[in-house]
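One structure below.
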Amino acid sequence: MSLAVTLSRAQEGVAAPQVMVEVHLSGGLPGTHIVGLPEAAVREARDRVRVAIQSAAFEYPNRRVTVNLAPAELPKDGGRFDLAIALGILAAGNQVPREKLDDCEFLGELALSGQLRPVSGVLPALLRARARGRRVVVPRANADEAALIPEVDVRVADTLSDVCGWLRGSQELLQPAATLTLTSDNDVGPDLIDVRGQLQARRALEITAVGGHHLLLMGPPGTGKTMLAERLPGILPPMSESEALETCAVLSVAGQNVDLTHWRRRPFRAPHHTASAVALVGGGSQPRPGEISLAHNGVLFLDELPEFSRHVLEVLREPLESGSILISRAARQLRFPAQFQFVGAMNPCPCGYAGDTRQRCRCTPDQVQRYRSRISGPLLDRIDLCVEVPAVPLSELSTQRSAYAEDSATVRKRVMRARQHALARAGRPNAEISNRELERDCALGPAERKWFDAALERLGLSARAYHRTLRVARTIADLDNGAAALDRQHLAEALQYRRLSLLSD
Numbered sequence: 001m002s003l004a005v006t007l008s009r010a011q012e013g014v015a016a017p018q019v020m021v022e023v024h025l026s027g028g029l030p031g032t033h034i035v036g037l038p039e040a041a042v043r044e045a046r047d048r049v050r051v052a053i054q055s056a057a058f059e060y061p062n063r064r065v066t067v068n069l070a071p072a073e074l075p076k077d078g079g080r081f082d083l084a085i086a087l088g089i090l091a092a093g094n095q096v097p098r099e100k101l102d103d104c105e106f107l108g109e110l111a112l113s114g115q116l117r118p119v120s121g122v123l124p125a126l127l128r129a130r131a132r133g134r135r136v137v138v139p140r141a142n143a144d145e146a147a148l149i150p151e152v153d154v155r156v157a158d159t160l161s162d163v164c165g166w167l168r169g170s171q172e173l174l175q176p177a178a179t180l181t182l183t184s185d186n187d188v189g190p191d192l193i194d195v196r197g198q199l200q201a202r203r204a205l206e207i208t209a210v211g212g213h214h215l216l217l218m219g220p221p222g223t224g225k226t227m228l229a230e231r232l233p234g235i236l237p238p239m240s241e242s243e244a245l246e247t248c249a250v251l252s253v254a255g256q257n258v259d260l261t262h263w264r265r266r267p268f269r270a271p272h273h274t275a276s277a278v279a280l281v282g283g284g285s286q287p288r289p290g291e292i293s294l295a296h297n298g299v300l301f302l303d304e305l306p307e308f309s310r311h312v313l314e315v316l317r318e319p320l321e322s323g324s325i326l327i328s329r330a331a332r333q334l335r336f337p338a339q340f341q342f343v344g345a346m347n348p349c350p351c352g353y354a355g356d357t358r359q360r361c362r363c364t365p366d367q368v369q370r371y372r373s374r375i376s377g378p379l380l381d382r383i384d385l386c387v388e389v390p391a392v393p394l395s396e397l398s399t400q401r402s403a404y405a406e407d408s409a410t411v412r413k414r415v416m417r418a419r420q421h422a423l424a425r426a427g428r429p430n431a432e433i434s435n436r437e438l439e440r441d442c443a444l445g446p447a448e449r450k451w452f453d454a455a456l457e458r459l460g461l462s463a464r465a466y467h468r469t470l471r472v473a474r475t476i477a478d479l480d481n482g483a484a485a486l487d488r489q490h491l492a493e494a495l496q497y498r499r500l501s502l503l504s505d
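Here the sequence shown is numbered in the UniProt record's numbering, starting from 1 and rising by one per residue.
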């Protein structure tokens with residue numbers, strides 16, 4: 001029987017569905033035919049595989065070769081199936097043992113010389129293979145990703161010849177990826193102690209870190225808005241192993257390298273204001289993750305927020321609520337994770353000095369209004385905290401650090417203690433709790449309810465802003481030694497961060 005089956009995995013978002021590579025040799029005119037909805041790069045594999053097999057000193061069958069990639073309705077693209085196709089052809093021709101292929105999956109693109117080249121999306125494939133209890137063979141250039149999952153028997157290979165020799169019984173030819181050294185460091189990036197002054201902004205940053213809220217910083221140029229945003233990942237709780245693997249899986253699908261030294265550091269993405277909507281949320285003819293997915297479990301920072309296109313900013317509205325993005329195309333739909341914390345920074349006016357005591361603003365009221373109205377009300381409604389970042393006095397910049405200055409490690413410990421209260425109640429940060437959990441955890445007394453309702457009526461806040469303000473108040477109470485009940489002080493501080501009127505006046 002001239003039929004052999006090998007296993008590989010396709011790339012579909014952050015999923016990795018299994019693909020059975022069925023190879024059949026028959027009589028008739030010699031030729032190679034690949035079926036099963038292959039894209040152009042997969043169809044071209046027939047030429048790469050034939051030359052690679054010959055370069056590895058094996059015989060390419062002088063027969064009709066039919067390669068079926070099942071399931072047929074799943075689109076297949078890229079060179080990730082080259083190794084599985086080559087081994088299927090060799091097994092069908094009895095040049096490698098077929099029984100060794102049953103419990104193993106193969107990923108890798110073949111060069112004409114028989115060398116194995118790296119492919120994207122290896123980490124999601126390894127996570128699925130772990131659930132099936134299978135071994136996996138990957139190119140050596142993908143060994144870093146393989147080392148993140150020591151529970152899987154992953155072998156790294158340099159050439160097609162090495163894989164064939166390993167299947168024939170030469171175990172020393174393929175090194176287990178789990179033997180590679182996996183290091184990690186304790187560096188969390190820029191330190192909060194470098195920021196001078198800005199006590200209110202530091203307080204808002206801490207609340208943001210505890211509750212997983214979204215933040216908008218507004219102030220003149222050079223007041224430390226970007227410095228504050230860059231230090232948010234350093235005070236966030238460390239990622240769990242599952243969160244880190246999710247984040248690395250998105251990087252793998254995007255074709256970006258995984259840095260083993262910092263693989264558990266929360267991502268910080270800061271795209272330029274010229275970025276397109278597709279670059280921000282993902283997409284393309286072959287959908288790929290965008291900046292919001294690359295910031296999964298981390299921080300997305302948009303500096304000079306009004307300079308972004310209005311259309312680009314509006315595409316953020318659904319991901320800010322749902323924590324994911326569904327990209328729809330005519331033939332397929334792909335969902336990418338996007339559970340990020342949003343931090344925006346902007347000037348108060350086009351010249352940047354509205355309200356500044358040291359510089360005179362040159363903008364007219366109409367110019368200020370047009371500038372601030374570039375950010376829509378629905379988007380602002382989804383931002384939990386809005387805080388002013390005023391200019392720091394020069395005397396404070398030139399003096400020694402004050403006694404109240406805290407480094408990121410100190411603030412991070414306080415953040416982790418406060419977040420534990422939320423995790424004990426609902427199992428997730430306050431920004432992610434449902435409305436029903438909000439009613440349970442944020443019950444107000446009669447006096448607090450009357451005062452809060454009157455404040456909401458006076459400010460004209462929406463129902464969404466009402467719930468988000470309560471979540472922020474719950475976070476402030478968690479920072480207040482985990483207070484069980486919300487009092488007027490917690491509510492008042494949460495309300496003062498709803499500074500959206502600054503943008504609409």
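Yeah, the Cβ is synthetic: ideal placement off N, Cα and C, and Gly gets one too. Treat the numbers as computed from the prediction; the structure is a model and nothing was measured.
By the three-class DSSP mapping on this structure, what secondary structure does Asn62 have?
In the sequence shown, the residue the question calls residue 62 occupies position 62. In this structure, Asn62 counts as coil in the three-state DSSP scheme.
Using 10 angstroms around the beta-carbon of Glu12, count the other beta-carbons present and answer buried if the total reaches 16, otherwise exposed.
Stepping through the sequence shown from its first residue, residue 12 is reached at position 12. Buried, since its Cβ has 16 or more Cβ neighbours within 10 Å.
So, with DSSP's three-state summary, where would you put Cys363?
Within the sequence shown, residue 363 is the residue found at index 363, counting from 1. In the structure shown, Cys363 sits in coil (DSSP, three-state: anything other than H, G, I, E or B).
State the start and end residues of the unbroken beta strand (DSSP E) segment that holds Ile325.
Position 325 of the sequence shown, counted from the start, is the residue given in the question as residue 325. From DSSP, the beta strand (DSSP E) with Ile325 extends over 324-328.
With a CB to CB cut of under 7 Å and the five nearest residues on each side skipped, what residues in its chain are close to Pro190?
Position 190 of the sequence shown, counting from 1, holds the residue named residue 190. Excluding residues within five positions, the ones whose Cβ falls inside 7 Å are Glu230, Arg231, Gly234.
If you run the structure through DSSP and keep just helix, strand and coil, what is Glu493?
Here residue 493 refers to the residue found at position 493 when the sequence shown is read from its first residue. Three-state result, Glu493: helix.
Let's see if you can read the secondary structure: which residues bound the beta strand (DSSP E) around His24?
As a first step, residue 24 must be located in the sequence shown, where it is residue number 24. Where His24 is concerned, the enclosing beta strand (DSSP E) stretches over 18-26.
In whole angstroms, give me the CA-to-CA distance for Arg202 and Leu228.
By 1-based counting over the sequence shown, the position of residue 202 is 202. By 1-based counting over the sequence shown, the position of residue 228 is 228. Spanning the two alpha carbons is a distance of roughly 7 Å.
In the structure shown, what three-state DSSP assignment does Phe452 receive?
Locating residue 452 in the sequence shown gives position 452, where the first residue counts as 1. Helix.
Got a sec? Which residues, its chain only, sit under 8 Å from Leu280 by beta carbon, not counting five neighbours each side?
Along the sequence shown, one-based indexing puts residue 280 at 280. Cβ neighbours of Leu280 beyond the five flanking positions: Pro271, Gly290, Glu291, Ile292, Val312, Val315, Leu316.
Going by the DSSP bridge assignment, what does Pro176 pair with across the sheet?
Locating residue 176 in the sequence shown gives position 176, where the first residue counts as 1. Looking at the DSSP assignment, Pro176 forms a beta bridge with Arg155.
Are Glu105 and Ala70 close, meaning C-beta to C-beta below 8 Å?
In the sequence shown, residue 105 corresponds to position 105, counting from 1. In the sequence shown, residue 70 corresponds to position 70, counting from 1. Their beta carbons are not under 8 Å apart, which means Glu105 does not touch Ala70 by this criterion.
Report the option in Asp82, Asp356, Tyr371 whose CA atom is closest to the CA atom of Pro350.
Taking the first residue of the sequence shown as position 1, residue 350 is located at position 350. Closest by alpha carbon: Tyr371.
I'd like to confirm the pairing. Which residues does DSSP put opposite His33 in its beta bridges?
As a working mapping, residue 33 is identified with position 33 in the sequence shown. Answer is Thr66.
Just reading off the beta strand (DSSP E) that Gly298 is part of, what are its end residues?
Working through the sequence shown from its first residue, we reach residue 298 at position 298. Per DSSP, Gly298 belongs to no beta strand (DSSP E) and is neither H nor E.
Comparing C-alpha positions only, which one of Lys225, Leu251, Glu59 sits nearest to Val122?
Translated into the one-based positions of the sequence shown, residue 122 becomes position 122. When only C-alpha atoms are compared, the closest one is Leu251.
Beta-carbon within less than 7 Å of Arg436's beta-carbon, same chain only, minus the 5 sequence neighbours each way: which residues are those?
The count along the sequence shown starts at 1 and reaches residue 436 at position 436. So no residue of the chain qualifies.
On the DSSP letters alone, give me the boundaries of the beta strand (DSSP E) that Val333 sits inside.
In the sequence shown, residue 333 corresponds to position 333, counting from 1. Sequence inspection shows Gln at residue 333; the Val mentioned does not correspond to that position. From DSSP, the beta strand (DSSP E) with Gln333 extends over 333-337.
In angstroms with no decimal places, state the Cα-to-Cα distance between residue 506 and Thr208.
Residue 506 is absent from the structure shown; the chain starts at 1 and stops at 505.
Pull up the DSSP beta-bridge partners for Val5, would you.
Taking the first residue of the sequence shown as position 1, residue 5 is located at position 5. The partner list for Val5 (beta bridge, DSSP) reads Glu22.
So, for Ser8: in the same chain, excluding its five sequence neighbours on each side, which residues have a beta-carbon less than 7 Å away from its beta-carbon?
Here residue 8 refers to the residue found at position 8 of the sequence shown. Excluding residues within five positions, the ones whose Cβ falls inside 7 Å are Val19, Val21, Arg80, Phe81, Ala84, Glu105, Phe106, Leu107.
Whose C-beta lies closer than 7 Å to the C-beta of Ala45 among residues of the same chain, with five residues either side of it excluded?
Position 45 of the sequence shown, counted from the start, is the residue given in the question as residue 45. Within the same chain, Ala45 has close Cβ partners Ile34, Gly79, Phe81, Asp82, Ile85.
Near Pro17, what residues of its chain come up, given a Cβ to Cβ distance below 7 Å and the 5 sequence neighbours on each side ignored?
The residue you call residue 17 lines up with position 17 of the sequence shown. Same-chain partners within the cutoff: Arg9, Ala10, Leu74.
Residue range of the alpha helix (DSSP H) that Leu217 falls in?
Against the sequence shown, residue 217 aligns to sequence position 217. Leu217 -> not in any alpha helix (DSSP H); beta strand (DSSP E) instead, spanning 215-218.
What does the Cβ neighbour count give for Gly222, buried or exposed, with the cut at 16 atoms within 10 Å?
Your numbering for residue 222 matches position 222 in the sequence shown. The residue in question, Gly222, is exposed, as its Cβ has fewer than 16 Cβ neighbours within 10 Å.
Assuming Ala254 and Pro124 are in contact, meaning their beta carbons sit under 8 Å apart, how far apart are those beta carbons, in whole angstroms?
For this step, residue 254 is matched to residue 254 along the sequence shown. For this step, residue 124 is matched to residue 124 along the sequence shown. That pair is no contact at about 11 Å.
Taking C-beta to C-beta, are Cys164 and Leu112 nearer than 8 Å?
Position 164 of the sequence shown, counted from the first residue, corresponds to residue 164. Position 112 of the sequence shown, counted from the first residue, corresponds to residue 112. Their beta carbons are not under 8 Å apart, which means Cys164 does not touch Leu112 by this criterion.
Let's see if you can read the secondary structure: which residues bound the alpha helix (DSSP H) around Leu245?
In the sequence shown, residue 245 corresponds to position 245, counting from 1. Looking at the DSSP string, the run of the alpha helix (DSSP H) that includes Leu245 is 241-253.
Taking the alpha helix (DSSP H) that Leu438 falls in, what are its first and last residues?
Counted from its first residue, the sequence shown places residue 438 at position 438. Note, Leu438: alpha helix (DSSP H), 435-441.
Per DSSP, Pro289 forms a beta bridge with which residues?
Residue 289 sits at position 289 when you count from the first residue of the sequence shown. In DSSP, Pro289 forms a bridge with Gly282.
Secondary structure at Ala15, three-state DSSP: helix, strand or coil?
Sequence index remark: in the sequence shown, residue 15 carries index 15 (1-based). It is a strand residue.
Thinking just about the alpha-carbon of each residue, which of Lys413, Ala463, Gln286, Val67 is nearest to the one in Leu381?
Working through the sequence shown from its first residue, we reach residue 381 at position 381. It should be noted that the sequence gives Asp, not Leu, for residue 381. The shortest C-alpha separation from Asp381 is found at Ala463.
Tell whether a beta-carbon distance below 8 Å holds between Met346 and Glu304.
In the sequence shown, counting from the first residue as 1, residue 346 sits at position 346. In the sequence shown, counting from the first residue as 1, residue 304 sits at position 304. Cβ distance < 8 Å, so Met346 and Glu304 count as in contact.
Suppose you measure from the CA of Glu246 to the CA of Ala426; what does that come to, to the nearest Å?
As a working note, residue 246 is residue 246 in the sequence shown. As a working note, residue 426 is residue 426 in the sequence shown. Distance between the alpha carbons of Glu246 and Ala426 is about 22 Å.
Check for me: the alpha helix (DSSP H) holding residue 507 runs from which residue to which?
Absent from the structure is residue 507, since the part of the chain shown begins at 1 and ends at 505.
Considering just the uninterrupted stretch of the beta strand (DSSP E) at Val392, what are its terminal residues?
In the sequence shown, residue 392 corresponds to position 392, counting from 1. Where Val392 is concerned, there is no enclosing beta strand (DSSP E), given that its DSSP letter is neither H nor E.
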